[in-house]
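Taking our numbering, the leading residue of the sequence shown gets 23, the next gets one more, and so forth. Even for Gly, the Cβ is constructed at its ideal location relative to N, Cα and C.
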Amino acid sequence: MTTEWTMDTARLSLNQITLNTLGLPEVVEICERHGIGSLAVWRDKVAAVGLDRAAALVRSAGLHVSSVCRGGMFTDPTVDVREENRRAVEEAAALGADCLVLVCGPLLDHDLAAARGRVHDGIADLLPHARAAGVRLAVEPLHPMMISRRSVVNTLAQALDLSDALDGEVGVVVDAYHVWWDPELDAQVARAGRRVLGYHVSDWLPGTADLLLDRGMMGDGLIDLPRVSRLVADAGYTGPVEVEILSTRWWAEDPDDVTRTLRKRFEEFV
């Protein structure tokens with residue numbers, strides 16, 4: 023792995039899922055103790071304390087909210103998710119988030135084209151509400167292993183095609199864990215340009231034990247993170263860089279130790 027180029031550590035954002043055993047008040051305290059200025063918030067953690075208190079917590083700590091996770095889940099034709107997604111937009115607005123991350127929904131039958139069509143229609147329906155609230159929507163393509171569990175949008179090219187079909191109003195999240203393998207990564211990040219609304223980092227472990235909950239700490243795996251970071255920077259993205267590690271191993275560690283480790287690894291490998 024090459025490490026001759028690294029990201030400015032002032033851009034580090036702690037994605038709340040990395041310290042999943044903690045509630046929002048405790049994660050805010052962690053950010054304050056470790057000098058982290060940005061936080062990515064998950065909606066279940068907001069719900070646990072209430073939106074008003076959540077907004078007050080991040081404001082009083084002077085934290086920048088890099089994203090709210092998540093909206094989406096458009097693919098089930100039997101479920102109306104419109105009101106839930108509108109609430110997600112309102113939460114992102116109240117928290118002053120850079121974007122609302124959209125995880126688009128899994129494939130539930132054999133009709134992949136129809137599922138992706140429902141994603142398009144769901145986002146098109148949500149856009150006017152997001153526009154009125156001043157919230158940017160960002161589609162996060164997920165690795166193909168997630169197609170039956172989380173999302174039928176699996177490459178940056180697919181996410182950008184979706185954005186193009188919606189007049190470029192929808193942005194994308196580049197999550198290194200999900201896109202590092204893509205042979206079109208260079209071209210598609212460049213194509214995204216200013217539509218990159220978020221950048222997430224972790225690592226892909228050799229011998230991954232769980233497709234969802236065994237992400238690696240930066241530097242422990244196979245991803246050339248400095249290279250991906252250069253691509254994102256060259257595309258014009260200058261915003262926060264979220265450390266997002268879904269890992270039962272790291273969740274079992276002391277949260278302060280995890281935070282110290284991720285700060286050090288961010289300096290070395292991102």
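Do the segment 48-58 and the segment 254-262 touch if we need at least three Cβ pairs shorter than 8 angstroms? With fewer than three CB-CB distances shorter than 8 angstroms, the segment 48-58 does not count as touching the segment 254-262.
By Cβ distance below 7 angstroms, which residues in the same chain neighbour Leu233 in space, the five residues on each side in sequence not counted? For Leu233, same chain residues with a beta-carbon under 7 angstroms away, outside a window of 5 residues either side, are Met167 in chain order.
Selected residue, minimal CA-CA separation from Arg153, among Glu112, Glu162, Ala187: That would be Glu112, whose Cα lies nearest to the Cα of Arg153.
Assuming contact is defined by CB atoms lying nearer than 8 angstroms, are Gly93 and Leu46 in contact in what I supplied? No; because the gap between Cβ atoms is not below 8 angstroms, this pair is not in contact.
Where does Trp203 land, buried or exposed, given buried means 16+ other C-beta within 10 angstroms? Classification of Trp203: exposed, given that the 10 Å Cβ count is below 16.
Near Lys67, what residues of its chain come up, given a Cβ to Cβ distance below 7 angstroms and the 5 sequence neighbours on each side ignored? Within the same chain, Lys67 has close Cβ partners Gln38, Gly45, Leu46.
Option in Asp102, Gln210, Met239, Asp246 with minimal Cα separation from Arg295: Because the chain spans 23 through 292 in this model, residue 295 falls outside it and cannot be assessed.
Would you give the residue range spanned by the beta strand (DSSP E) that Trp273 belongs to? Counting along the chain, Trp273 sits inside no beta strand (DSSP E); it lies in the alpha helix (DSSP H) bounded by residues 270-273.
Check whether the segment 183-192 touches the segment 240-252, counting contact only when three or more Cβ pairs, one atom from each stretch, lie closer than 8 angstroms. No: fewer than three Cβ pairs fall under 8 angstroms.
Which class does Cys91 belong to by DSSP, given the choice of helix, strand or coil? Strand, per DSSP.
Roughly how many angstroms lie between the CA atoms of Val201 and His165, to the nearest whole one? Cα to Cα, the separation comes out at about 6 angstroms.
Among Ala77, Ser88, Asp278, which has the Cα closest to the Cα of Leu61? When the alpha-carbon of Leu61 is set against those of Ala77, Ser88, Asp278, the nearest one is in Ser88.
Start and end of the beta strand (DSSP E) containing Ala160? It spans 159-161 - the beta strand (DSSP E) in which Ala160 sits, taken as one unbroken run.
Compute the Euclidean distance between the alpha carbons of Ala69 and Arg104, then round it to the nearest angstrom. Roughly 18 angstroms between the two C-alpha positions.
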